[in-house]
Amino acid sequence: MKRSQSFVAVLIPALASAAAADAFAQSRTDAKVVERSVHEDAATQKQATALADKMTPAEKQAYVFGYFPPFSKDRPADMIPSAGYVPGVPRLGIPTLRESDASLGVANQVEQRKGDVATALPASLAIAASFDPDLAYRGGAMIGAEARAKTFNVLLAGGVNLTRDPWGGRTFEYFGEDPLLSGVMAGESIRGVQSNHIVSTVKHFALNPQETLRTTVNARIDEAALRESDLLAFEIAIERGRPGSVMCAYNKVNGDWACENDFLLNQVLRRDWGYQGWVMSDWGAVHSTVKAINAGLDQQSGRELDKALFFGKPLSDALAGGTVSAERLTEMNRRILWGAASTGLLDDPVPTKAQPIDYDVHANVAQEVAEKGSVLLQNDGNLLPLARTVRTIVVIGSHADVGVLSGGGSSQVRSVGGAPVEIPLKEGAAASFARVTWHASSPLAAIRKLASDATVSFVDGTNPAVAAAAARKADIAIVFASQWRTEAQDVETLSLPDGQDEVIDAVAGANRRTVVVLETGGPVLMPWLPRVPTVLQAWYPGQRGGEAIANILFGVTNPSGRLPMTFPANEAQAPRAVIPGLAAMKEADRAQKKGSTYGMVERSLMVDVDYKEGADVGYRSYLKRDVRPLFPFGYGLSYTRFDYSELRIEPGARPTVSFNVTNIGKVAGADSPQVYVRAGRRNGPSTRLVGFQRVTLAPGEKRRVAIPVDPRLLADFDTAANNWHVAAGRYPIFIGRFAGDAMITGEVTMKNARIRP
Ligand code: BGC
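Quick note: the working numbering has the sequence shown finishing at residue 783, numbered continuously throughout.
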């Protein structure tokens, strides 16, 4: 990671003015989320072209060359510390681009803008787990409204890399392992962000699932497999979300850097998908001038983080020498302006002064995501929901007295209420820009509020014997266990850190009525599972996580989340049992006697990662290999039960699957029935999620759902013909509660078909 130790030192003195901080702190009135329609394509294109044509060559060169404000030596008056800044052209009404991270809210990583808080959504995994596209949209609309109110007009959101390995450091920023679920959720979130007339990115294009050596990894995969998995997630996200910009990734894909990859940028994105917006680089992901620009890179972001200034002088030299054409430079600007025009940013510029924000209203959205996205993994003997009459409860561990954990890195939001616990890192690639941070939403306080007649005590969970002794005396023990993940580092083990497994074991041994609440950014191993009746996966639950968890524990909310990724039973089940490059990276550290600063040697170490599982990401591979995970993709329990019946399949180019969902339990609840098809010829058929629908039902209520199936999900990608091929034949269909389940089954007959990408 290029962000050096000086990141913190540079940022803190460079904080926004006290006046700006006050304006944020005093934010009160309502920031309305207004749905606005996107401009017609032709009009947008015309507007962007007309503007780009009016720019001078110098203006055009400046607009494709972004700053990283914290490290920038040029400091225009309106530049505040954030991820990016690109000066506009006031004489033409071309906006200055003011860029902020990221998908979970307006980030303020190490409080570079002192006192500037924002609403923190839960991890994107919680949004994915809700299986609720509308909620993804509303979450995006909420964070986009805050970005706009804070004067940002580009939100670096829309992370949609598929989870290929359970240990990925950024899995929490993404939507899991399935291309359909990820694409739909990312697309809706982007659409929500852009409903505020600001630009959202979709990122990191492409095949960037690992953090270890992320700036030097060469991801290798065959084209058809890539098209059917990671690229399909991007394709769906772009179709639904119409992001103004695509951020290309740090890594190489099949030998070429993602930001100078002709196949990814020119062929797939532009030629095949007809993408009109601009490609911005990730921060420090540019490696050349001529090659990158001619391969489709439109803008160098955060120039201070690249090892050289590839745009600027080298770009004017390339223009003078004819290796980059003047038309291409105009096109680069037209693409940026298309992003600004298509989102409405050009016609409705973002105010230059911070606007008030109603944080209370926004916190409700964060809480809704946490409530709908938490996954009840086990509930033996119906220990949950807890009765409000319970007399003594002990809450144990993970700073649950003061807050809930968040994931680290560029997406870090400094949430409303501040950070009650914030632990700097001593080593590792993330040390310069991440701290282990808890949001101020206390599960303990929320539990006390709901169990107002109970005695609720707290034990910090650092000592198994002390925790067990407290558990022995209580009616109910609730252990909070957490694992922190961050950008720039992968987790080196799926085991819970800091002896938390021992604490859980000791507590479960002392009290059979033990609930474990997991705050993690991906799967963890659960060696204690047979001895613990109840487990709630709360991910990083965001701004109101404490309240959301308490509501689920006491049945105010019926849990309805479904896992967006497979939870392996052990590390050996994963497609790669070890993190590629990790050992080499550590060895290089040792050799250089750099000890803890291994992020610094990244640039000289190249590593090839072969994604041999191809398109069979996650559950597809588990089912193919007949490996039984701890919890499958799509899995999650409820306080009620659902039944599916009367399956009907309307064949056609785009078949429709319909069936009844009935709540056969005693309480209201939401279910997300999933439609899977066995399809694919190239590597033998795989089980694929082809549809889902979240339904909320009163006890006894029945609803018919009809789910259209995108035929690309039944197809193989034919690289020779450059299109999707649906082979004629009969395809088995399974309606289930998780991948591999089959509550009702059927078959769809497809005709031979070719679909353009
Ligand atoms: C991350 C991006 C982020 C950018 C700007 C990079 O290190 O990979 O996701 O948007 O920094 O902060």
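We treat Cβ as the ideally placed atom computed from N, Cα and C, and that holds for glycine.
Does the separation of the CB atoms of Tyr826 and Ile120 fall below 8 Å?
There is no way to answer for residue 826, as the model of the chain reaches only from 27 to 783.
Please return the same chain residues whose Cβ sits closer than 6 Å to the Cβ of Arg253, not counting the five positions on each side in sequence. In its chain, beyond the 5 residues on either side, Phe743 have a beta carbon closer than 6 Å to the beta carbon of Arg253.
Notebook entry, point to check: For Lys469 versus Ala426, is the C-beta spacing smaller than 8 Å?
Noted result: Reading off the sequence shown, one finds Pro at residue 469, where the question assumed Lys. Contact: yes.
- Task: Answer with buried or exposed for Glu125, where buried requires no fewer than 16 other C-beta atoms within 10 angstroms of its C-beta.
- Result: It is buried - the Cβ of Glu125 has at least 16 other Cβ atoms within 10 Å.
When burial is assigned at 16 or more other CB atoms within 10 Å of the CB, is Ala344 buried or exposed? buried
Handout entry: Cutoff 7 Å; reference Phe336; Cβ partners in own chain excluding five residues on either side
Key = So the list reads Val312, Ser314, Thr315, Ala318 and Gln326, once near-sequence residues are dropped.
Requested in this report: Kindly indicate which three-state DSSP category Thr75 falls into: helix, strand or coil?
Outcome: helix
Just curious, the alpha helix (DSSP H) that Lys715 is in, first and last residue?
-> For clarity, residue 715 is Leu in the given sequence; the question names Lys instead. Premise fails: Leu715 lies in the beta strand (DSSP E), Ser712 to Phe718, not in any alpha helix (DSSP H).
Worksheet item: Would you say Lys229 touches ligand 1, meaning its beta carbon is less than 7 Å from a heavy atom?
Response: yes
Keeping to the same chain, check which residues put their C-beta closer than 8 Å to that of Pro677; ignore five residues upstream and five downstream. Same-chain partners within the cutoff: Val774, Thr775 and Met776.
*Determine the burial state of Ser63: buried for a count of at least 16 other Cβ atoms within 10 Å of its Cβ, exposed for fewer.*
Any reading at Ser63 must be qualified, since the residue scores a pLDDT of 45, below 50, and its modelled position is unreliable; the value itself is stated next. Under this definition Ser63 is an exposed residue.
task = Compute the beta-carbon to beta-carbon distance between Leu118 and Met81, rounded to the nearest angstrom, for a pair I have assumed lies under 8 Å.
result = For Leu118 against Met81, the beta-carbon gap comes to about 7 Å, under 8 Å, which counts as contact.
Please go through the segment 284 to 366 and give each complete alpha helix (DSSP H) segment of 4 or more residues, from N-terminal end onward. 316 to 321 and 339 to 347
Worksheet entry | Straight-line gap, Val60 to Glu172 (C-alpha atoms, nearest Å) | Residue placement at Val60 is poorly supported in this model, since its pLDDT is 33, which falls under 50; the coordinates still yield a value, given next. Computed Cα separation, rounded: 13 Å.
Is Asp308 near ligand 1, judged by its Cβ being under 7 Å from some heavy atom?
yes
inquiry  = In whole angstroms, give me the CA-to-CA distance for Val132 and Val112.
reply    = 18 Å
**Request:** Look up Asn390 in the DSSP assignment and say whether it is helix, strand or coil.
**Result:** helix
- Task: Please state whether DSSP places Gln135 in a helix, a strand or coil.
- Result: coil
Residues bridged to Lys278 (per DSSP)
Asn244 and Trp283
**Message:** For Asn686, report the span of its beta strand (DSSP E) as first-last.
**Reply:** From DSSP, the beta strand (DSSP E) with Asn686 extends over Thr682 to Asn689.
*asked:* Quick check on the burial criterion: 16 or more other C-beta atoms within 10 angstroms. Buried or exposed for Asp142?
replied: buried
- Could you tell me whether the Cβ atoms of Val376 and Asn179 are closer together than 8 Å? yes
Item to check | Contact set for Ala779: own chain, Cβ-Cβ below 7 Å, skip 5 residues either direction | outcome: Ala679, Pro737 and Val752
Using 7 Å as the cut-off, classify the Cβ of Glu265 as near or not near the heavy atoms of ligand 1, replying yes or no. no
Check: So Gly429 and Gly572 are in contact, right, with Cβ under 8 Å, and what is the actual spacing, rounded?
Finding: 7 Å
- Of all the options Pro95, Leu363 and Glu613, which has the alpha carbon lying nearest to the alpha carbon of Asp67? Leu363
* Asked: Are the Cβ atoms of Arg266 and Arg217 separated by less than 8 Å?
  -> At a Cβ-Cβ threshold of 8 Å, Arg266 and Arg217 count as neighbours.
With which residues is Gly755 paired in a DSSP beta bridge?
-> Met776
Practice task
Pick out whichever of Thr688, Thr540 and Arg646 has its Cα sitting closest to the Cα of Pro711.
Solution key: Arg646
| query | What residue ranges within the segment 431 to 510 form continuous beta strand (DSSP E) runs of no fewer than 3 residues, ordered along the chain? | reply | 447 to 450, 461 to 465, 481 to 485 and 502 to 509
So, with DSSP's three-state summary, where would you put Phe659? coil
Check your understanding: Between Gly194 and Asp516, what straight-line distance do the alpha-carbon atoms span, to the nearest angstrom?
Key -> When rounded, the distance between both Cα atoms is 5 Å.
Item to complete: Pick out whichever of Asp531, Asn320, Asp642 and Val305 has its Cα sitting closest to the Cα of Trp554.
Response: If we check each option's Cα against that of Trp554, Asp531 comes out closest.
query = For Ser436, is the beta carbon positioned less than 7 Å from some heavy atom of ligand 1?
reply = yes
Whose C-beta lies closer than 8 Å to the C-beta of Arg538 among residues of the same chain, with five residues either side of it excluded?
-> Pro559
Should Glu791 be counted as a contact of ligand 1 given a C-beta to heavy atom distance under 7 Å?
Since the first residue shown for the chain is 27 and the last is 783, residue 791 is missing from the structure and cannot be characterised.
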